[in-house]
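One structure below.
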Ligand code: SF4
Ligand code: SF4
């Protein structure tokens, strides 16, 4: 899922001060799963913002709405009626949903309520860890299903950096496994350690974020 985190309350309040009627928009998919943009969170946040701003002398009306999916226009269009009654939109969807809302309600200022941070899984209640950074050229077939690009602090492609802790954790963060330690252990289980001797040449990042925005066309799906 796409993971996002709330912006600090003080930052949210600062960005809201110049408005009177604000729509807080959540999304019922990824940001609900990571507990920043679902119905419960948006309503709690609306109360906190209302009270916090009132204490500072700002009286703001908040309307809340949770879209089924903020990254699909057919759902975003459902805001049309509400949008005519508000003066700004604060979105708690990921950056994709935020941009679609901004595109569709071009006359309304779009205020980001969250920072979109990664593609992650929920390991435990309250703990999400990154699994992918959408590099555009997946190598999981060569690394036994473990991603060194997203999960090595240095993005190393040819084995560990030499700083791996004795317990197999990363030298950069004692709470995170060294992914190369895990890759090597999995290679041993598969009896295929020798496959890791292959040296990966420098990658082309053309198909990742570094290569500029992408258009993905599926002719079989085009009308
Ligand atoms: S290799 Fe690239 S696409 Fe595959 S999981 Fe890692 S970052 Fe994601
Ligand atoms: S210890 Fe492992 S995961 Fe951490 S930077 Fe070095 S190779 Fe990467």
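Numbering (the numbering used here), first residue to last: 30 to 252. Backbone N, C-alpha and C fix where the C-beta goes; we use that ideal spot for every residue, glycine too. Since we're looking at a predicted model, the values are computed, not measured.
In the displayed model, residue 229 falls within coil according to three-state DSSP, outside both helix and strand. For residue 193, no beta strand (DSSP E) segment is defined, and its DSSP state is neither H nor E. With contacts defined as CB atoms closer than 8 Å, residue 121 and residue 142 qualify as a contacting pair.
In this structure, residue 93 keeps its C-beta atom at 8 Å or more from the C-beta atom of residue 123. Excluding five sequence positions before and after residue 53, the CB atoms of its chain that fall closer than 6 Å to its own CB belong to 71, 75, 91, 93 and 119, given in chain order. With fewer than 16 other Cβ atoms from the protein chains shown falling within 10 Å of its own Cβ, residue 240 counts as exposed.
Here residue 119 is bridged, per DSSP, to 53 and 140. Ligand 1 has a heavy atom closer than 7 Å to the beta-carbon of residue 169.
At least one heavy atom of ligand 1 falls within 7 Å of the beta-carbon of residue 161.
Residue 181 carries a coil assignment under DSSP once its states are collapsed to helix, strand and coil. Relative to ligand 2, the nearest heavy atom lies less than 7 Å away from the CB of residue 182.
Ranked by Cα distance from residue 174, the first of 219, 116 and 250 is 219.
The Cβ-Cβ distance between residue 116 and residue 49 falls below 8 Å. Judged by DSSP secondary structure, residue 35 falls within the beta strand (DSSP E) whose first and last residues are 31 to 35.
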